[in-house]
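FYI, the numbering used here numbers position 17 of the sequence shown as 163, with every residue one higher than the one before it.
Don't be surprised by glycine CBs; every beta carbon is placed ideally from N, CA and C.
Note sheet for the following structure.
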Amino acid sequence: LMRVAYVSKLLARNGIIVIASFVSPYREVRRKIRELIEEDSKFIEIYVKCPFEVAIKRDPKGLYKKAIVGEVRNFTGIDDPYEEPENPEIIVDSSEMSVEEEARIVLTYLREENLLDP
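Structure follows, in structure tokens:
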């Protein structure tokens, strides 16, 4: 994750809007990434909330089921913790919203923060 953060920082420093999506289960790691990016750019944390039951239903590879029965170890949310963000700038609930609605919320926020043209 820190490699992605460093590359994101370099791109953002040069005026490129960076959107990075990855599983980041620990608050401390997210805090370090935020601190690194905010040294010279704006950092916006978007929490895509998804209830456990919905994540299992959406799992095309069956990894949750494998983790539940112990075939996959250190799986986030099963035998490895997921620490929900405490103060994300944006929260969307993917179990209640369409992808289009989620995108609209993100784009509206970016426009309100003058990060995108109206």
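In the stretch 191–240, which residue ranges form an unbroken alpha helix (DSSP H) of at least 4 residues, counting only runs that do not cross its ends? Complete alpha helix (DSSP H) runs here, min 4: 198–204 and 209–214.
Taking the C-alpha atoms as reference points, what is the distance between Ile202 and Lys155? Their Cα atoms are separated by approximately 33 angstroms.
Cα-Cα separation between Glu184 and Asp239, rounded to whole angstroms: When only Cα atoms are considered, Glu184 and Asp239 end up about 26 angstroms apart.
Inter-residue spacing [alpha-carbon to alpha-carbon] between Asp263 and Cys196: For Asp263 and Cys196, the distance between alpha carbons rounds to 30 angstroms.
Is it the case that the Cβ atoms of Tyr210 and Pro171 are separated by a distance below 7 angstroms? Their beta carbons are not under 7 angstroms apart, which means Tyr210 does not touch Pro171 by this criterion.
What are the boundary residues of the alpha helix (DSSP H) that includes Leu157? Segment Met148 to Arg159, the alpha helix (DSSP H) holding Leu157.
In whole angstroms, what is the alpha-carbon distance linking Val153 and Val252? Cα to Cα, the separation comes out at about 22 angstroms.
To the nearest angstrom, how far is it from the Cα of Arg219 to the Cα of Asp225? The straight-line gap from Cα to Cα measures roughly 7 angstroms.
With burial defined as no fewer than 16 other Cβ atoms inside 10 Å of the residue's Cβ, what is the status of Arg159: buried or exposed? Result: exposed.
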